[in-house]
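Chains A and B are the protein sequences, given in the same order.
Under this note's numbering, the residue at position 130 of the first sequence is numbered 130, and the numbers go up by one with no gaps.
Counting from 1 along the second sequence, just add 1000 to a position and that's the residue number in this note's numbering.
For every residue, glycine included, the Cβ atom is placed at its ideal position computed from N, Cα and C.
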Amino acid sequence: MSDAPAISVSGLTKRFSGRTVVDHFDMDVPKGAIYGFLGPNGSGKTTTIRMMCGLLTPDEGTGTCLGFDILREQDRIKANVGYMTQKFSLYEDLTIRENLDFIAQMFGVKGRKKRVQAALEDLGLADRAAQLAGNLSGGWKQRLALAACMIHGPALLLLDEPTAGVDPKARRDFWDEIRKLSAQGVTVLVSTHYMDEAVQCDFIAYIAYGKKLISGVAQDIPKMIGLHTYRVTGPDITSLEVALKSEPAVVQVARFGAVLHVSGTDEAALSALADRYRAKGTHNWEQKPAELEEAFIYLMTGAADNFRGDLK
Amino acid sequence: MSARFPFFRFSWRRFLAVLSKEFIQMRRDRITFVMMIGVPIMQLMIFGYAINSDPRHLPTLVEMADEGPVSRAVLMGMKTSSYFDFEGVVTSPAQGEAALRDGSANFVVVIPPDFERDVMRGLAPQILLSADASDPTAVGGAASAISGIVDTAMAQTLSGPLAFAAQGKSPFSVVVHRAYNPEGSTSINIVPGLLGVILSMTMVMITAVAIVRETERGTMETLIATPVRPFEVMLGKIAPYVLVGYVQTGVFLLAARALFNVPFTGSALAFFLGFNLFIVTNLALGFLISTVARSQMQAMQLSFFTLLPSILLSGFMFPFAAMPSWAQAIGSAIPTTHFLRLVRKVMLKGAGVGDISGNMLGIAVIMAVIVFVALRRYHQTLD
């Protein structure tokens, strides 16, 4: 029983006025995992999450969420899932306490007053509980929203780009919180744009064009893509970057300050290229294991034409 | 120069950029765009064609206790004046009174017994013109035209062998009885009607905006991600405004009595049933608007759009009977029209529950249609 995945969906498809937004999407989220859901804007992440928690009805496909059928048992899913929307969607004209109290009542939380007070103290907002939620800064709003979707003690959290537009410090605090929850056994599915957040996930799925391109254990993703990378340093890195981009063996050149990460999928061709440039003696080429960051950039570049003719 | 007066550093390019951006946005906001075109057209049609402040062809009944050349001449004169349309005959005062109260007739003409004989004898009998003066504008023109109509009719009829009867100053007279509003006070008519307009204005707008606000701010997504049922949300959101409607009605009743001396002659139960049904109908309309509007601004505009006919075509400001039939047809589809009649009947004409059943049915049918459409448009999910 405990081995059953928290989320298991297959063939999920959703169309909006003829446009396929999510296309036969499969995913298994193991219990207790932090699962990163990546992909460019408009790739269908929000729609997929909404289908998982019963806010949207899929046109095709089946699945379960916490063992409940996503087509028929939406009410039971809602009662056991914490869903945090992309946009802040609590009441700005209610106070922090009133918001938490309201959501707790919606979920029929037992011992509500105590539970709300505990949440306020966890948040560090106990002394500002009477402040209007609308007056909070972006980072605090995110924390309040997280507290609100945890108020009923859900076994699964669905977080839709929870840290978009939040400063780095607040983002780090937010992730500390998520890891703490994960350690307590809560399963977390989180969509994000940030690579540094992707690195923190146990598993990753990458979606583009509404289709899943790849998924698996986070560390295995570069290997699965088959990406090989060289770290290149030396003078006039900018002209070298331009030159390398037109090499057929190179699929991607990513720049990190004065360092280039040159990647390709054909190991032999890339190695030959490296030898050729090493022979010139101007730059230092050293092979390195491909990391998630390169893989992520690679996937993003590949999916860049997601936007072509695909804007709403 | 320009350094001292920054105002003069005017850039045509920037100005035109702002201008064209504004036009693009105007075009994208469909509902606003439709309102900008639709509201003036609607007003033009209503004020130009539908409204007539000197109504003619008012439904009139006759109670004839005597018949002869003089009374026929009077009735013919009334008919040709185009103010009065004779729609039938009543045989008792009670019938005439009932017709006035339920609004099926605006006038009842009573020719008294032995009228013709009394005219010939020079006894100057009286013809009674009972008018439903609860709407003084509707009957005012006709009532003041009556003496002229009678004089003309007499001049033609009492000639030849009957000329002797015309020699006295007036062979008979017409007494106008302004029922329900003897002083012809317009506030007696306007104030009860105002309740309908106040309720429809606030109830529709408040409900529409309150619901759209949740969608616009994104809080609806939070709400429906909880196990809450849509019906619970709707009921919870609408119930407070029913209370607001109660408060408004209470304040209104006090003010009507204290400030405008508007009587309350009918049944309190009939009033209670009527305004509750009307409030719920308006809330349903507000709910329907909320399923169409994307923003609070649009919700306000659409509410305003429904309010206009409620004021102009319902019989609130202008007599219903004076409108052409197409405008009356539109007016009949507006809940306020039926509610106005109901309130005026109950407050001014002493109506009871039985008298208002027709109006209640009218409102209920409109409400059923609104609720049907609204529920079809409403989704529990974000689909």
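Within the continuous alpha helix (DSSP H) that includes residue i, where are the two ends?
i: A:GLU267; result: 267-280
i: A:TYR91; result: Looking at the DSSP string, A:TYR91 is not in any alpha helix (DSSP H), and its letter there is neither H nor E.
i: B:VAL1018; result: 1012-1028
i: B:MET1078; result: 1069-1080
i: B:SER1325; result: 1325-1332
i: B:ASP1085; result: Note, B:ASP1085: premise wrong, no alpha helix (DSSP H); beta strand (DSSP E) at 1084-1089.
i: B:GLU1214; result: 1186-1217
i: B:LEU1375; result: 1357-1377
Run through chain B and tell me which residues come within less than 7 Å of residue i, C-beta to C-beta.
i: A:TYR91; result: THR1219
i: A:ALA79; result: PRO1227
Apart from the five residues just before and just after residue i, which ones in its own chain have a Cβ nearer than 8 Å to its Cβ?
i: B:MET1001; result: Confidence at B:MET1001 is low in this model, with a pLDDT of 48, below 50, so its placement is unreliable and the value that follows should be read with caution. If we look at B:MET1001 and ignore the five residues flanking it on each side, its Cβ neighbours are PHE1008.
i: A:GLU294; result: PRO222, LEU227, THR229, GLN252, ALA254, HIS261, SER263
i: B:GLN1296; result: VAL1209, VAL1212, ARG1213, GLU1216
i: B:PRO1227; result: none
i: B:ASN1181; result: ALA1133, SER1134, PRO1136, ILE1188, ASN1189, LEU1348
Given that residue i touches chain B, what residues does it touch there, using C-beta distances under 9 Å?
i: A:CYS53; result: ALA1225
When you compare the CB of residue i with every CB in chain B, is at least one pair closer than 7 Å?
i: A:TYR83; result: yes
i: A:LYS110; result: no
i: A:ASP196; result: no
i: A:ASP23; result: no
i: A:ASP59; result: no
i: A:ASP160; result: no
i: A:ASP69; result: no
i: A:ARG220; result: Per the sequence presented here, residue 220 of chain A reads as Asp, with Arg not at that position. For A:ASP220, the answer is no, since every Cβ of chain B falls outside 7 Å of its Cβ.
i: A:ASP75; result: yes
i: A:MET1; result: At A:MET1, the pLDDT of 43 sits below 50, so the modelled position is not reliable and the matter cannot be decided from this model.
If the cut is a Cβ gap below 7 Å, which residues of chain A does residue i touch?
i: B:THR1222; result: THR85, SER89, LEU90
Step through the CB atoms of chain A and report whether any lies within less than 7 Å of the CB of residue i.
i: B:MET1001; result: Caution is warranted here: a pLDDT of 48 is assigned to B:MET1001, below 50, making its placement in the model unreliable, and the coordinate value is therefore given only provisionally. No, because no Cβ of chain A sits closer than 7 Å to the Cβ of B:MET1001.
i: B:VAL1244; result: no
i: B:VAL1209; result: no
I'd like the list of long-range same chain contacts for residue i, defined as Cβ closer than 7 Å, with 5 residues on each side in sequence excluded.
i: A:GLY134; result: GLU92, ASP93
i: A:THR233; result: ALA258, VAL259, HIS283, ASN284
i: A:GLN86; result: THR46, ASP160, GLU161, ALA164
i: B:MET1203; result: TYR1241, GLY1245, ILE1279, ASN1282, LEU1283, GLY1286
i: A:ARG19; result: none
i: B:GLY1088; result: LEU1061
Using a Cβ-Cβ cut-off of 6 Å (strictly less than) and excluding sequence neighbours within five positions of residue i, which residues of its own chain qualify?
i: A:LYS312; result: For A:LYS312, the predicted structure reports a pLDDT of 30, less than 50, and the residue's modelled location is therefore unreliable. A value from the coordinates is still provided. Excluding sequence neighbours, A:LYS312 sits near nothing in its chain.
i: B:LEU1307; result: MET1201
i: A:THR163; result: ARG171, PHE174
i: B:ASN1052; result: ALA1322
i: A:ALA304; result: Model confidence at A:ALA304 stands at a pLDDT of 48, short of 50, so the residue's coordinates are unreliable; what they give is reported in the following sentence. Contacts found: none.
Would you mind reading off the limits of the beta strand (DSSP E) that contains residue i?
i: B:MET1064; result: 1058-1064
i: B:HIS1338; result: Note, B:HIS1338: premise wrong, no beta strand (DSSP E); alpha helix (DSSP H) at 1335-1348.
i: A:MET27; result: 19-29
i: A:GLN287; result: 284-288
i: A:MET84; result: 81-84
i: A:TYR209; result: Per DSSP, A:TYR209 belongs to no beta strand (DSSP E) and is neither H nor E.
i: A:LYS14; result: 7-16
i: B:SER1295; result: Unbroken run through B:SER1295: none, as it is neither H nor E.
i: B:TYR1241; result: Here B:TYR1241 belongs to no beta strand (DSSP E); instead the alpha helix (DSSP H) covers 1230-1260.
i: A:CYS149; result: Premise fails: A:CYS149 lies in the alpha helix (DSSP H), 138-150, not in any beta strand (DSSP E).
i: A:GLU161; result: Note, A:GLU161: premise wrong, no beta strand (DSSP E); not H, not E.
i: A:SER191; result: 187-192
i: B:ASP1132; result: 1126-1132
Which residues of chain A have a Cβ atom closer than 9 Å to the Cβ of residue i, listed in chain order?
i: B:VAL1018; result: By Cβ distance, chain A contributes nothing, its closest Cβ being about 24 Å from B:VAL1018, past 9 Å.
Would you please state the rounded distance, in angstroms, between the beta carbons of residue i and residue j? I believe it to be under 8 Å.
i: A:PHE203; j: A:GLY54; result: Going by Cβ atoms, the distance from A:PHE203 to A:GLY54 rounds to 23 Å, so no, they are not a contact pair.
i: A:GLY44; j: A:GLY210; result: 4 Å
i: A:GLY139; j: A:ASP167; result: 6 Å
i: A:ALA6; j: A:THR301; result: With a Cβ gap of about 31 Å, A:ALA6 and A:THR301 do not count as contacting.
i: B:ARG1377; j: B:THR1291; result: 4 Å
i: A:LEU120; j: A:ALA130; result: Going by Cβ atoms, the distance from A:LEU120 to A:ALA130 rounds to 11 Å, so no, they are not a contact pair.
i: B:PRO1192; j: B:MET1347; result: 5 Å
i: B:VAL1174; j: B:LEU1129; result: 6 Å
i: B:SER1134; j: B:ILE1188; result: 7 Å
Which chain B residues are close to residue i, counting only those with a beta carbon under 8 Å from its beta carbon?
i: A:MET106; result: LEU1223, THR1226, PRO1227, VAL1228
i: A:ILE103; result: THR1222, THR1226
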